[in-house]
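Peer 1: In the numbering used here, the protein residues as written are 49 to 374.
We put the CB at the ideal spot given by N, CA and C, even for glycine.
Remember, predicted model here, so these are calculated numbers, not experimental data.
Here it is as C-alpha cells:
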C-alpha cells in the first residue's frame, strides 16, 4: 500500500529529484535506497508492525525518509511538533507509547535524558549524534548496518501515522491514519489538484503537521513530482526557493504568506511559475487576498482542513471559484 506510494517516480524517472533540501538533491532511486536501509535499521532494533517511532525533527530529508521507512515495515510514525518543550513531548509519549525516539541534533538537548524518564522509549538517536549527551547517530547507524531483512507487508487497515492536533480547545489529540487512508488521501489530492510528474512543490510549513506531509509531500511523491523542503520558514529563504527552483505548487499559513508578500524583495519575484498558492490553517483576510493578487497577479486558493482530513474543503484549479475577495 504505502510502500509503493512513490513507485511511479521510481520506475519511470529513477534519476529525477524526488526531494530537494538546501543543496542536497535526492533522486527517486537514492530515496528508495535510503528507505530500504532505514527499514533494515528499524527492523534490526526490533521495531515491528504496529510499533510507534517518535520523530522529533525539523523539516529535513530524514523526516520524509523515516515516514516511508515506517510505512514500509508497518511501524507507526509519530511526528512531534518541533516547537514542543519537554513537558509537551512527554505528554505525546504518554499518549502513544513509542519504542524509539529520533531527534534533530539541535533539538536533542531538550530530551537528552529521555530514555531515563518514566516512558516507553527504549532507544534515543539524534541524526548525527551528540557526544556530550552520549546519544548515538541515526545516520551513522543506518550507514554502517550491513544486514538485509525480509519483513511482512503491512495491511491496508494497519495504523501508519499518528498526528497530533493543535490543541486549540484542549490538549492535543492523537489522530491515527492508516496505510489505506494515507494512500487514498494522496491519490485524492493528486486527482483533485491535477498534479503531474512535472509538478514541483515548495513545502514552507512544518512536515510534522498534516499540511506539509499529507497535503503537499505525499501527493507529489505519488505522482512522481519533486518536493522542495525548507528547514525553517522565513520570507527570504522562501523567496530564494521561488527564484531558484520555480515551484508549481506551494502551501503556506496566512501569517507566512503575509511575510512573503510584504517582504521588499517580493515585487521583484516572478510568481508565474506557480499554478496554485494554497493558504489555510487560520483566517485568510481580505487584505491578504488583495495584497497577494497585487504582487503575484492571481488569487490565493484558500483551503480548510483538519488533522483528521487534510484539505477537506478546497477549490479545484479547474472548478468554479467559491469566493474571490477582490
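Can you find the residues in the same chain that come closer than 6 Å, C-beta to C-beta, to residue 261, ignoring five residues on each side of it along the sequence?
Peer 2: In the chain shown, residue 261 corresponds to position 213, counting from 1. Hits under 6 Å: 255.
Peer 1: Going by C-alpha distance, which of 269, 273, 139 is nearest residue 50?
Peer 2: Residue 50 sits at position 2 when you count from the first residue of the chain shown. Cα-wise, what sits closest to residue 50 is 269.
Peer 1: Quick one: residues in its chain with C-beta nearer than 6 Å to the C-beta of residue 213, no 5 flanking neighbours on either side, listed in chain order?
Peer 2: Taking the chain shown and counting its residues from 1, the one referred to as residue 213 is at position 165. Excluding sequence neighbours, residue 213 sits near 220, 221, 355.
Peer 1: Considering only residues of the stretch 180 to 256, which uninterrupted alpha helix (DSSP H) runs meet the minimum length of 4 residues and lie entirely inside it, listed in chain order?
Peer 2: 186 to 192, 227 to 240
Peer 1: Can you give me the C-alpha to C-alpha distance between residue 349 and residue 323, rounded to a whole angstrom?
Peer 2: Looking up residue 349 in the chain shown gives position 301. Looking up residue 323 in the chain shown gives position 275. Distance between the alpha carbons of residue 349 and residue 323 is about 10 Å.
Peer 1: Evaluate residue 372 with the Cβ neighbour count: other Cβ atoms within 10 Å of its Cβ, from every protein chain shown; 16 or more gives buried, anything less gives exposed.
Peer 2: As a first step, residue 372 is located in the chain shown; it is residue number 324 there, counting from the start. Only weak support is given to the placement of residue 372: the predicted model assigns it a pLDDT of 45, under 50, and the value that follows is read from those uncertain coordinates. Exposed, by the Cβ-count rule.
Peer 1: Starting from residue 72 and walking both ways along the beta strand (DSSP E), at which residues does that stretch end?
Peer 2: Within the chain shown, the letter at position 24 stands for residue 72. Residue 72 -> beta strand (DSSP E) spans 72 to 75.
Peer 1: May I ask you to report which of helix, strand or coil DSSP gives residue 66?
Peer 2: Counted from its first residue, the chain shown places residue 66 at position 18. Strand, per DSSP.
Peer 1: If I follow the unbroken alpha helix (DSSP H) through residue 54, where does it start and stop?
Peer 2: Position 6 of the chain shown, counted from the first residue, corresponds to residue 54. That residue, residue 54, is in no alpha helix (DSSP H); it is neither H nor E in DSSP.
Peer 1: Thinking C-alpha only, which one of 117, 112, 104 is nearest residue 130?
Peer 2: The count along the chain shown starts at 1 and reaches residue 130 at position 82. Out of 117, 112, 104, 104 has the C-alpha closest to the C-alpha of residue 130.
Peer 1: Work out the CA separation of residue 135 and residue 162 for me, nearest whole Å.
Peer 2: Counted from its first residue, the chain shown places residue 162 at position 114. Counted from its first residue, the chain shown places residue 135 at position 87. The straight-line gap from Cα to Cα measures roughly 11 Å.
Peer 1: When the Cα of residue 207 is compared with those of 87, 320, 325, 125, which residue comes out closest?
Peer 2: If you number the chain shown from 1, residue 207 lands on position 159. Cα-wise, what sits closest to residue 207 is 125.
Peer 1: Evaluate contact between the stretch 240 to 258 and the stretch 270 to 284, counting only Cβ atoms and requiring at least three cross-stretch pairs below 8 Å.
Peer 2: Counting C-beta pairs with one atom in each stretch, the stretch 240 to 258 and the stretch 270 to 284 have three or more that are closer than 8 Å, which means they touch.
Peer 1: For residue 195, is the classification buried or exposed, using 16 other Cβ atoms within 10 angstroms of its Cβ as the cut-off for buried?
Peer 2: Against the chain shown, residue 195 aligns to sequence position 147. Its Cβ having fewer than 16 others within 10 Å, residue 195 is exposed.
Peer 1: For residue 327, write down the residues that DSSP places opposite it in a beta bridge.
Peer 2: For this step, residue 327 is matched to residue 279 along the chain shown. Per DSSP, 300, 350.
Peer 1: Assess, as a yes-or-no matter, whether the stretch 291 to 304 is touched by the stretch 88 to 107 under the definition of 3 or more beta carbon pairs within less than 8 Å.
Peer 2: Too few Cβ pairs lie closer than 8 Å, so no.
Peer 1: Spell out the partners DSSP gives residue 102 in its beta bridges.
Peer 2: Here residue 102 corresponds to residue number 54 of the chain shown, with the count starting at 1. In the DSSP secondary-structure assignment, residue 102 is bridged to 126, 149.
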